[in-house]
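Quick note: the sequence shown, position 131, residue 132 per the working numbering, numbers continuous.
We put the beta carbon where it would ideally sit given N, CA and C, even for glycine.
Predicted model only: the values in this text are computed from it and were never measured.
Beneath this line is the structure, given in structure tokens, with notes to follow.
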Amino acid sequence: MDYDFVKTFPVKMTEPKAFDELPFSKLLNYLTRDNIIELIGFPNFNSLNEQVRQQTGKVSLPAVKKMLADNVQFQVVLDENPVMKQQAYNKYLIANTKANDLTRQQQSKQVSWLMNKPKKQFLGCVAKHTPPESNSPETTSRDEDSTFT
2 MDYDFVKTFP
12 VKMTEPKAFD
22 ELPFSKLLNY
32 LTRDNIIELI
42 GFPNFNSLNE
52 QVRQQTGKVS
62 LPAVKKMLAD
72 NVQFQVVLDE
82 NPVMKQQAYN
92 KYLIANTKAN
102 DLTRQQQSKQ
112 VSWLMNKPKK
122 QFLGCVAKHT
132 PPESNSPETT
142 SRDEDSTFT
């Protein structure tokens with residue numbers, strides 16, 4: 002396979018949404034655990050973690066964020082803290098810039114295209130496709146002088 006061959010692929014650009022147009026749930030994706038604790042306080046965050054643990058059996062920040070996305074009170078708290086909201090929006094802009102990077106998109110599509118054939122040829126574990134009879138001691142060649150204990 003000739004890896005020097007470069008194939009170009011069409012890429013799409015997405016314009017970042019304005020600060021006011023960005024949905025609250027999207028903005029919430031760019032808040033860290035520490036940001037959320039700072040906004041609502043540790044006892045409230047801990048109780049949300051307990052609710053998530055009771056529902057799903059484990060603690061996960063995305064599940065907590067999903068609960069907060071539906072909470073109107075948290076939206077008001079975030080609106081009252083414009084610095085935190087602006088930081089989350091700046092993280093969104095950085096992520097959008099990375100996603101729209103043409104060289105990154107082209108490289109990703111080229112690697113995907115180059116790996117298409119090897120992925121289709123991959124068999125997986127060889128033992129899965131080998132019958133057990135071919136691994137029996139009688140069929141393998143060994144020295145006759147060797148003893149097994």
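Which of helix, strand or coil DSSP assigns to Asn91: helix
Which of helix, strand or coil DSSP assigns to Phe123: coil
Start-to-end residues for the alpha helix (DSSP H) that takes in Val53: 43-57
Contact set for Ala96: own chain, Cβ-Cβ below 8 angstroms, skip 5 residues either direction: Tyr31
Any chain D beta carbon closer than 8 angstroms to Met68: The structure shown contains no chain D, having only a single protein chain.
Short Cβ contact (8 angstroms threshold) for Leu69 with Leu94: For Leu69 and Leu94, no; Cβs fall outside 8 angstroms.
Segment limits, alpha helix (DSSP H) that includes Val77: Taken as a continuous stretch (DSSP letters only), the alpha helix (DSSP H) holding Val77 covers 73-80.
Within 8 angstroms, strictly: CB atoms of Asn82 and Thr15: Result no, Cβ atoms of Asn82 and Thr15 do not sit closer than 8 angstroms.
Nonlocal neighbours in the same chain, by C-beta distance under 6 angstroms from Lys13, ignoring five residues either side: none
From Asn45, Gln111, Pro17, residue whose alpha carbon lies closest to that of Gln74: Asn45
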